[in-house]
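Reviewing the structure listed below.
In our numbering, the protein residues as written are 17 to 210.
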């Protein structure tokens, strides 16, 4: 320990010889301790509060929610809380969709039901991979999808055919992106105001 400027200071061995005020360290420990206590209280409150769906009885559901969920009262009451929550969230999402979004959802569900178990596993794995991507890569994939969707049907067919025959699919993707960027660069940009 060493006294300098009237404050008690301690030299930390193994920390590059840094000097820290004992009062600062104690204040930091106390601040961290109170933050941990607050976090613990919040976590306990969250765990102690009943789930919205767990407390949602059949009678609390609106007529529209009941119709979308499509279960009888006895089946709803017998469901585990987590399943009720998922069904309720799905019903609310469905009720908030436009007619076009509902048509797309029905079509996607039909396609999902037609898939083999192996195809479903593949789609789930790819979805998890997509979810793990950084935001920039997700945005890039969405741009590629929009670009492809806006192509004429004949061009889409040719691209799909090239994709099936390609041995190095990543190189083909890079080439397609490069061509799209070049095309965008050739398009005149609107004059910018200063």
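Ideal Cβ placement from N, Cα and C applies to all residues, glycine included.
As the structure is a computational prediction, the values presented were derived from the model and not from experiment.
Can you tell me whether residue i is buried or exposed, with buried defined as 16 or more other CB within 10 angstroms of its CB?
{"i": "residue 128", "result": "exposed"}
{"i": "residue 107", "result": "buried"}
{"i": "residue 92", "result": "buried"}
{"i": "residue 149", "result": "exposed"}
{"i": "residue 26", "result": "Its pLDDT being 48, under 50, residue 26 is placed unreliably in this model, and the value from its coordinates should be taken loosely. Its Cβ having fewer than 16 others within 10 Å, residue 26 is exposed."}
{"i": "residue 73", "result": "exposed"}
Can you tell me whether DSSP reads residue i as helix, strand or coil?
{"i": "residue 96", "result": "coil"}
{"i": "residue 87", "result": "coil"}
{"i": "residue 154", "result": "helix"}
{"i": "residue 149", "result": "coil"}
{"i": "residue 240", "result": "Because the chain is modelled from 17 through 210, residue 240 falls outside the range shown and cannot be assessed."}
{"i": "residue 186", "result": "helix"}
{"i": "residue 77", "result": "coil"}
Do you know offhand how far residue i's Cα is from residue j's?
{"i": "residue 182", "j": "residue 172", "result": "15 angstroms"}
{"i": "residue 105", "j": "residue 176", "result": "37 angstroms"}
{"i": "residue 85", "j": "residue 111", "result": "11 angstroms"}
{"i": "residue 101", "j": "residue 141", "result": "24 angstroms"}
{"i": "residue 167", "j": "residue 125", "result": "25 angstroms"}
{"i": "residue 165", "j": "residue 87", "result": "38 angstroms"}
{"i": "residue 158", "j": "residue 143", "result": "13 angstroms"}
{"i": "residue 151", "j": "residue 109", "result": "24 angstroms"}
{"i": "residue 116", "j": "residue 83", "result": "19 angstroms"}
{"i": "residue 170", "j": "residue 130", "result": "26 angstroms"}
{"i": "residue 160", "j": "residue 153", "result": "11 angstroms"}
{"i": "residue 180", "j": "residue 174", "result": "10 angstroms"}
{"i": "residue 178", "j": "residue 122", "result": "30 angstroms"}
{"i": "residue 77", "j": "residue 95", "result": "15 angstroms"}
{"i": "residue 156", "j": "residue 147", "result": "13 angstroms"}
{"i": "residue 80", "j": "residue 120", "result": "20 angstroms"}
{"i": "residue 98", "j": "residue 187", "result": "44 angstroms"}
{"i": "residue 133", "j": "residue 145", "result": "18 angstroms"}
{"i": "residue 90", "j": "residue 137", "result": "33 angstroms"}
{"i": "residue 113", "j": "residue 184", "result": "40 angstroms"}
What are the complete alpha helix (DSSP H) segments, minimum 4 residues, inside the stretch 94 to 132?
97 to 111, 115 to 130
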